[in-house]
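Chains A and B are the protein sequences, given in the same order.
According to this note's numbering, the first sequence is numbered sequentially starting from 42.
According to this note's numbering, the second sequence is numbered sequentially starting from 5.
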Amino acid sequence: LRCALVFLLALVVPSPVAGLFEDQAGVDDWLRVGVGSVSRASSDGPRRVVVEGSAPGLGGVVAALNARTGALEWRFVPPRAGGRPEAVDATAPAGGRLLVLSGGGRFLRLLSSEGTLVWEAPIQPYVVGVDEGFVRGVAPQLLSLAKGVAVVLAHNSVTFVRVANGDILWQWYPDPEDDKLLTDLEREKRGLKLAHVYVAGPSVFVAACVAPLHFSDGSSGTPSDACTSAALVQLDDANEVARISADRKDFPVDSTTLRAIGGGTSPAMFAATVDGLGVRIAGEKHPVAVPTGSTVRATGVAAGLAVVEMCGAGGCTLATVDLAKGQLKTLLQADAVWWQEEEVDGAPSLVAAGARGPSGGDRELTVLCVVSSGEEFLRQALVMPAGGHSGFSLVYPRVFRRRDGFYGWKALVRTDGDALMMFSAGAVSWEREESLASAKQAVFVDQTPPRTLTSGNDEVPPLDERLRLQLRDLQSAAADVVESLASIARSDGLKSLASVHAEASRNHKFGFDRIAVLLTDVGTVVALQATSGKVAWRRDLHDVLRGASRVALFVTRGRAFHHAASEVAVLASYPDGLVRFMSLDGSTGADVGAPGGAMLRPRSPEGAPLVRAAPVPGGGPNQAPTMLFAWADGSVELYPAIADVPQLYYHSLDETTGVLESFRVVANGTASESVARMVFPPSAEQVVAVSYPRADDMVQSNAHILGDDSILLKYLNPHVVAVITRATAADGGMYVNVVDAVSCRVLFRVHQRNATAPVKTLLVENWLIYAFWNERAKRTELGSVALFEGMLGTYDLNPFSDVGREEVFSSFTAPPPIGLQKTFAFPRGVRAMGATTTAKGITSKHVLLSMETGQIMSLPLRALDPRRPEGEPSKSEKAEGLAKYTPFIHINPVGVVSYNQTVAGVRLLQSSPARLESTSLVLAAGLDTFFTRVTPSKAFDMLAADFNYLLLLLTVLGLVVTLAIIAAMNRMRKLKGSWR
Amino acid sequence: PRGLDPRAVAVQEDPAAAARTADKKLQIRQKAAYDFAMGPGKNLFGTGLMLWFSGSQINIFSLSFLGMAMWNPIRSILGLNAAFTQFEGHGIDLVMPKLIYFGLQLVALGMGVYKLGVMGLLPVTSADWTNYLTRHTFAEEGPPPVL
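Below, the structure is given as structure tokens:
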């Protein structure tokens, strides 16, 4: 009985419905967690690599990767201090934990072995009397001492911090009261610039250079990295200055190369001279041949031995220097070298790697290991296949003793295209795509391969071909039905296989299996499968796009058309006016046409920068557009050329001079003439943001229906451009301008007081949404502008009425729209904005906001409606769903499409329609890449994933059985009645 | 009594009385026809009450009530002649009753139509004809730039 009661209770107490069930998380969405562009790596035990990366707009990242699989174990992103990105300066292991110095030496943090923050200590800068320029060029340093103390060299001071709790034990900075030498130097208007900290036994040595002081008021000297001589400060374990020794003789050294090196209690100093002609060692200039113009970095491996890296135009040389004799011995010569001090098999050693080979081609990677005696004990070279990657920009080699007693090595490699690879045993053991952290554009294309046709490149295949294709589609549909039926009948063991097939089939039918193609700042094009987040293909165009001033990615064919696959195009413009137009196959990334793309150039022989490139719809073959290219010299080219050139316009916007000029294409698409011009005067305003509407956004209705069934006519002018300008006058703020780019007329303009950057803008349908920082209220605000052509009363429009609306819309003659504007306070900073798009534009629009907190929110456009009434809404407004205006937009937790996940460093939000009208595919890219499917008006055309098919089947069966029973009973009753 | 053939008994009828009886019968039939014609009028109040109570929201109850309120008058109007066959062949004038019956059914139908209007199901407002709004064609082609 108890069991029955529990069963009944379980039936009648369903769990409360939330925005997303736990088991639905990760089904329709995925998250790729990144570490950014890796600048340094260090090992944390044999199984873990700690990497320091960076992402644009976010600052630094510290992460631990599994050395065998490349999987992310943890990641720490320093919080933005004062709204500014905080770069990571250095890390140091401290007893299984990790010390992280960031923010230009301003913050020291201790992370546990799981990456959680243990403590945080702010390091006060002590640049006494002089300005920041004095210490410029000195990278903050961090050392972890064995006795549980960390040493930080930053801002011309040395700080000792207790690792256990983050207490600052002691801080030393060059104070004229400390030492007579410093007093003398101050009198000479010179000071010590601390360059390098070195620990030897109980003492801490600081290599410093004597440099002219320059004060905050600019009273002395000019900022320079040049120093007049070098000094060595010894701080003993009583935390006092034990000794300061300095050359009294002027001997210019480069502060960035100054190092305290060597072993024992009296380390030597090392510095390259400013003229690059020698190496200064232990106070004496030794004539060592350093190539002129080369940069020098050095470290010490043992007493009396230093290792010097000299890089110049001809490549890099890594050499050991005998400190006593000043003799150089070349270790390695390569295009680029990398090295670090590391304990190998218990002995302090120098592990170095050098790469040689052409960028984009196969490279020879040499790894060698030098022990403290200066002896090499490992040197191995291996040719790495290029594999589509450009050059190596970072190699972190590791040497270890293998189980068989021999030494083995691994190398973590970052390519110029920001891919992170681990080379192990002569092969790539794993690869991470980290260029996505600098993604700047994203587009979606279909991945369906084109149909293979026997006919040639005809636009429309012949009848028999079409019939054959129809037959094949029919067979495919029949096979799908058979497969679906078979999957039902299959045993449990095959169920999962069947469901995977069904899932793939469903994703394909509903248009969920698209490919997101992203262009990054480092010149890579990466395609991700929308269903899984896996890299479908990648192209490293780093070398091809080198020197380009602007690069853009766009779709030229969204889906396969007959024999032509979907296509994306990469467009690069170079300062001399040259334009590279590359077409890539959307499903494979292969070059379409000539490798490297087509090159176009302006007509004038001296060259002119490209002003504008725009696709002219329907001009090219197989539904690909013809491209319009316009240069500053007035030359225009339509590529590929078309016979009937429509009346084409383009515009130029010079953000410096504020000139917006419109041009008409003339002379059969070869030249242009100016038709209109307007100026945002630089004396009054400065352009800060420009936004265009999406050309592929579908709008179902050009009318907005009100509660009383009257209609507002949306202003759907495809030529609108939103230009946000910063007012340079005393009252400040920003101007929000909506401009017609063809006629150069300002359609709407509003002054937003106290508004400052950062500004994000979004043009969608007849709306302009913009986010900005209100410097007075100290909060992020969202502004919304809605533009309308006019209004029609409740009974004004019917099949017989004439509302007097022009069919042909001309930018030059059309009346300006009616603009409504309202501002809302938003509780989070906005990093990126986007809008949902659907196949037919019937589904309601939502604005997608990526917030500083790493959340992505889907906000109904209606919440930002400038028509929201100030007072109580009228009956008609209520019927329309307009709520009373409240200045605050609240974050609805159910509207957070990233649910409890953090999507860090989002730079762009891009959406794409699926085949299902209800669904929009959303991609957020940045340090992390997140994809999800959103249904702004709920999934009205699709059964929920947890739809109870069994219950439906049982209900139908039950009804059929009941019907049969009732029919039988009815027959019997009739029969009985007949016998009465 | 048994064996009496009624035809054998001649009854002298009073012609005046017979005429009176026939007239009375006609009047009764006429009245019945009028009563029948007024029948829908008696239901109007009930129908109205029913429509009022069903509310203006679109749901299965309001729609089924509305369906009934619309269908019954239409069915009655279509079957108007059939409904009055019971009164035919007695020489009574059915034009007026039929007109009244038809009028009252129209009133009932009107109530239904009014209800349709209240529920927003009649395509009379601008919102119902937005597809008739002309879509602009653009005199100038100025596609959004990609670079």
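Glycine included, C-beta positions come from ideal geometry on N, C-alpha and C.
Residue environment, residue i, which counts as buried when at least 16 other CB atoms sit within 10 Å
i          : result
Pro149(B)  : buried
Val99(B)   : exposed
Met351(A)  : buried
Ile1039(A) : The structure shown does not extend to residue 1039(A), since chain A spans only 42 to 1021, so no value can be given for it.
Ala396(A)  : buried
Arg794(A)  : exposed
Asn778(A)  : buried
Short Cβ contact (7 angstroms threshold) for residue i with residue j
i         : j         : result
Ser885(A) : Ser978(A) : yes
Gly882(A) : Met739(A) : yes
Asp685(A) : Ser645(A) : no
Leu949(A) : Ala966(A) : yes
Leu210(A) : Val238(A) : no
Ala131(B) : Asp750(A) : yes
Glu227(A) : Pro215(A) : no
Ala108(A) : Glu114(A) : no
CA-to-CA distance, residue j to residue i, given in whole angstroms
i         : j         : result
Gly83(B)  : Pro77(B)  : 10 angstroms
Gln275(A) : Val251(A) : 16 angstroms
Tyr118(B) : Trp75(B)  : 14 angstroms
Val392(A) : Leu423(A) : 16 angstroms
Asp617(A) : Leu151(B) : 16 angstroms
Glu63(A)  : Asn206(A) : 38 angstroms
Gly599(A) : Val780(A) : 29 angstroms
Glu893(A) : Met874(A) : 12 angstroms
Ser286(A) : Ala460(A) : 46 angstroms
Leu53(B)  : Gln109(B) : 16 angstroms
Glu841(A) : Glu911(A) : As written in the sequence, residue 841(A) is Phe, which differs from the Glu given in the question. Distance between the alpha carbons of Phe841(A) and Glu911(A) is about 37 angstroms.
Ser470(A) : Leu453(A) : 10 angstroms
Val888(A) : Leu409(A) : 54 angstroms
Thr927(A) : Phe865(A) : 8 angstroms
Leu968(A) : Phe433(A) : 21 angstroms
Ser971(A) : Tyr940(A) : Position check: residue 971(A) holds Phe in this sequence, whereas Ser was assumed. Roughly 11 angstroms between the two C-alpha positions.
Asn933(A) : Lys819(A) : 22 angstroms
Thr269(A) : Ala360(A) : 26 angstroms
Gln488(A) : Ser628(A) : 5 angstroms
DSSP-derived helix/strand/coil call for residue i
i         : result
Gly95(B)  : coil
Gln688(A) : coil
Gln381(A) : strand
Thr561(A) : strand
Ser431(A) : coil
Gly116(B) : helix
Ile746(A) : strand
Met739(A) : coil
Ala770(A) : coil
Thr134(B) : helix
Val832(A) : Reading off the sequence, residue 832(A) comes out as Met, not Val. If DSSP states are grouped into helix, strand and coil, Met832(A) belongs with the strands.
Gln109(B) : helix
Tyr733(A) : coil
Thr141(B) : strand
Interface partners of residue i on chain A, CB under 7 angstroms
i         : result
Ser60(B)  : What Ser60(B) touches in chain A: nothing, since even the nearest Cβ is about 11 angstroms away.
Arg139(B) : Asn743
Leu126(B) : Correct list: empty, because the minimum Cβ distance to chain A is about 11 angstroms.
Trp133(B) : Leu838, Asn839 and Pro840
Heavy atom of the ligand NAD within 6 angstroms of residue i beta-carbon
i         : result
Gly774(A) : Looking for the ligand NAD in the displayed structure turns up nothing, as the structure carries no ligands at all.
Within chain A, partners of residue i - CB distance below 8 angstroms
i         : result
Val111(B) : None at all; the shortest Cβ gap to chain A is about 24 angstroms.
Glu145(B) : Val657, Pro687, Gln688, Leu689 and Tyr690
Contacts that residue i makes with chain B (C-beta to C-beta distance below 7 angstroms)
i         : result
Gly734(A) : Note that residue 734(A) corresponds to Pro in the displayed sequence, not to Gly. Those are Pro148, listed as they occur along chain B.
Thr835(A) : Thr129 and Ser130
Under 9 angstroms by beta carbon: chain B residues contacting residue i
i         : result
Glu848(A) : Thr138, Arg139, His140 and Thr141
8 angstroms Cβ cut-off: residues of chain B touching residue i
i         : result
Asp750(A) : Gly124, Thr129, Ser130, Ala131 and Asp132
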